[in-house]
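For reference, the structure is listed below as structure tokens.
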Amino acid sequence: MAPERTDTAGRLNAWLNDPVDPSWVRPGPGARQLRQDAVGTALFLMLALGMLVVSKSMGLRIDGEDTWRAFVAMTLMILPLAVRRRFPLTVLLASSALFLGLSYLSPEAAMQITFQAAYFAALYAAVAWAPDRRLLWLANGLVLLTMALWVVITFTMTATFERMTDSYGQPDGPLGQMTAAVLYSVAVNLAFFGGAILVGRSSWRAALQQQRLAAQADRIREQSGELARRAVVDERLRIARELHDVVAHHVAVIGIQAGAARRVLGKNPDAATEALRTIEGSSRDAVAEMRSLLGVLRSETDLAQDGAERAPEPDLAGLRPLVESVSEAGLAVELRRVEERPGDLENVPGPLGLSIYRTVQESLANVARHSTATRALVTLRTGTDRDGSEGPAPRWVEVEVIDDGRPRGGTEGSGFGLRGIRERVALHGGDAEIGPRRTGTGWRVRARFGLRVRDGALVP
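Our numbering puts the last residue of the sequence shown at 464; the count rises by one with no breaks.
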């Protein structure tokens with residue numbers, strides 16, 4: 005950005021240009037606009053010449069002026085408008101010279117409204133389309149000089165003033181007739197040329213605003229595309245975490261039951277059969293849950309053909325069956341619920357309940373695969389932080405999974421499960437503590453999520 009100027013010239017420059025981006029240049033006209041300029045100029049020329057014929061037929065002409073002068077002057081004044089948007093400053097300079105010269109050559113044409121309108125169009129196009137805004141300032145200065153010289157020509161170098169006053173009545177005012185006529189002409193021309201500058205500036209500003217809106221729309225589309233892409237990536241990551249939790253849990257159960265079946269196959273066939281039946285059920289559940297999760301990656305057409313539907317996402321109500329399935333696999337798991345207020349856990353929102361469920365599922369799967377533990381405890385708690393500050397105390401819900409075993413050798417995992425737990429907790433703005441227990445034996449996973457009360461319900 006150029007340094008802001010606070011003097012008069014700086015303020016005028018900021019008014020005519022864009023103070024935010026002084027280097028902005030309006031894009032030039034297209035082929036269609038250039039054709040429109042040529043056709044419009046031809047139609048305007050025919051109209052101007054026709055009005056000139058009508059005015060002469062009415063007797064509105066200057067004695068002693070050759071008839072051809074007015075037609076030539078009108079034609080020369082209008083023709084440059086055909087390229088006014090392609091060469092705006094050149095046309096303005098040429099029109100200024102023509103306006104002065106032709107006003108002297110043919111005062112009769114200079115007094116026609118179409119002759120003056122042609123200069124108005126040239127000035128408007130220069131302000132609206134000029135790429136070099138500093139050169140435009142010089143051109144505007146030339147316009148003011150042209151206007152002043154035209155007034156001088158009108159009242160001194162021709163007999164226009166005498167012919168005008170012949171049709172006036174007797175003067176009645178404090179100013180002299182010449183002074184009043186000059187002031188009146190200057191005021192009219194200032195309004196005329198000032199109006200052209202104002203309209204041209206409005207057109208230039210509208211083009212600038214349109215380009216900014218187009219650029220903003222492009223940025224919005226890019227951001228929308230990026231957000232859509234990020235949403236897809238986030239959804240795929242979520243599905244990957246869900247799939248990891250499902251597979252890890254069921255494979256852990258299958259592994260435990262397969263080991264139990266192998267040990268008792270020759271001694272107790274009934275126990276081996278029961279273990280195999282548990283393996284069969286876990287494998288079916290794993291396949292069903294995987295199909296449900298992967299279903300969101302398929303098109304709606306494929307889903308409609310297969311009739312597949314996603315199963316409801318698990319929540320806190322699914323913890324009891326989860327604990328029972330793990331207990332049946334050989335790991336004794338106890339589920340405790342500690343509520344500060346009755347019904348707190350039933351009011352935990354669904355997305356948060358899903359994260360708690362997956363945290364417990366992954367934690368128990370890790371215990372089964374990587375620990376020598378025979379018992380595990382899952383505790384759900386709700387509570388309130390009592391810090392003595394004013395206002396309602398913050399509420400929270402917490403899940404804790406502990407076991408009594410030691411790490412089992414040769415069972416190191418990839419770490420994706422624990423990373424998934426931390427990501428789920430962070431997604432809800434919670435805190436996670438994962439590591440060995442202070443007692444020296446066992447492992448502890450604790451995740452706490454903040455809650456607030458809205459309309460009597462808990463909200464994450």
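The beta-carbon is built from N, C-alpha and C at its ideal position, and this holds for glycine as well.
Treat the numbers as computed from the prediction; the structure is a model and nothing was measured.
Can you list, in chain order, the residues of its chain whose CB lies under 7 Å from that of residue i, leaving out five sequence neighbours each side?
| i | result |
| --- | --- |
| Leu-422 | Ile-438 |
| Gly-444 | none |
| Gly-446 | Ala-377, Ile-406, Asp-407, Asp-408 and Gly-409 |
| Gly-199 | none |
Please go through the same chain and pick out, in chain order, the residues whose beta-carbon is closer than 8 Å to the beta-carbon of residue i, but skip the five residues on each side of it.
| i | result |
| --- | --- |
| Met-81 | Ser-99, Leu-102, Phe-103, Leu-106, Ala-113, Phe-119, Ala-122 and Tyr-123 |
| Pro-7 | The predicted position of Pro-7 is uncertain, since its pLDDT is 46 and thus under 50; a value taken from the coordinates is nonetheless stated next. Excluding sequence neighbours, Pro-7 sits near nothing in its chain. |
| Arg-90 | Gly-32, Pro-33, Leu-38 and Asp-41 |
| Tyr-53 | Per the sequence presented here, residue 53 reads as Leu, with Tyr not at that position. Here the set comprises Phe-75, Met-78 and Thr-79. |
| Leu-349 | Leu-320, Arg-341, Glu-343, Leu-384, Thr-386 and Val-401 |
| Gly-354 | Glu-317 and Asp-319 |
| Leu-187 | Leu-179 |
| Leu-83 | Thr-45 and Leu-49 |
Determine, using beta carbons only, whether residue i and residue j come nearer to each other than 8 Å.
| i | j | result |
| --- | --- | --- |
| Trp-400 | Arg-448 | no |
| Arg-30 | Trp-208 | yes |
| Glu-402 | Arg-385 | yes |
| Thr-282 | Glu-332 | yes |
| Ala-143 | Leu-85 | no |
| Leu-47 | Thr-79 | no |
| Ile-201 | Leu-127 | yes |
| Gly-409 | Gly-433 | no |
| Gln-116 | Leu-56 | yes |
| His-374 | Arg-428 | no |
| Gly-177 | Ala-184 | yes |
I'd like the span of the alpha helix (DSSP H) that includes residue i, first residue to last.
| i | result |
| --- | --- |
| Val-147 | 137 to 156 |
| Gly-105 | 92 to 109 |
| Asp-41 | 35 to 61 |
| Ala-369 | 354 to 374 |
| Arg-89 | Unbroken run through Arg-89: none, as it is neither H nor E. |
| Val-76 | 71 to 82 |
| Arg-379 | Taken as a continuous stretch (DSSP letters only), Arg-379 belongs to no alpha helix (DSSP H), being part of the beta strand (DSSP E) at 379 to 388. |
| Glu-328 | 323 to 332 |
| Arg-428 | 420 to 431 |
| Leu-127 | 117 to 133 |
So, for residue i: in the same chain, excluding its five sequence neighbours on each side, which residues have a beta-carbon less than 6 Å away from its beta-carbon?
| i | result |
| --- | --- |
| Thr-383 | Arg-340 and Glu-404 |
| Gly-204 | Tyr-128, Val-131 and Ala-132 |
Between residue i and residue j, which are expected to be in contact by the criterion C-beta below 8 Å, what is the C-beta distance as a whole number of angstroms?
| i | j | result |
| --- | --- | --- |
| Thr-376 | Ile-425 | Not quite, the Cβ-Cβ distance comes to about 21 Å (not below 8 Å), so this is no contact. |
| Arg-73 | Ala-129 | At roughly 26 Å, the Cβ-Cβ gap does not stay under 8 Å, so Arg-73 and Ala-129 are not in contact. |
| Leu-381 | Glu-344 | About 19 Å separates the two Cβ atoms, so there is no contact after all. |
| Leu-320 | Gly-347 | Wrong, their Cβ atoms sit about 12 Å apart, outside the cutoff. |
| Leu-140 | Leu-93 | 7 Å |
Within the continuous beta strand (DSSP E) that includes residue i, where are the two ends?
| i | result |
| --- | --- |
| Pro-440 | 435 to 440 |
| Glu-404 | 399 to 407 |
| Val-29 | From DSSP, Val-29 is part of no beta strand (DSSP E); its letter is neither H nor E. |
| Arg-340 | 336 to 342 |
Taking all protein chains shown into account, decide if residue i is buried (16 or more other Cβ within 10 angstroms of its Cβ) or exposed.
| i | result |
| --- | --- |
| Gln-227 | exposed |
| Ile-406 | buried |
| Ser-110 | buried |
| Ile-360 | buried |
| Ala-221 | exposed |
| Ala-235 | exposed |
| Glu-304 | Bear in mind that a pLDDT of 42 at Glu-304, under 50, signals an unreliable position, so the number given afterwards is only what the model happens to contain. Exposed, because fewer than 16 other Cβ atoms sit within 10 Å of the Cβ of Glu-304. |
| Thr-45 | buried |
| Met-151 | buried |
| Ala-264 | buried |
| Pro-325 | exposed |
| Leu-368 | buried |
| Leu-241 | exposed |
| Ala-218 | exposed |
| Ala-125 | buried |
| Arg-442 | exposed |
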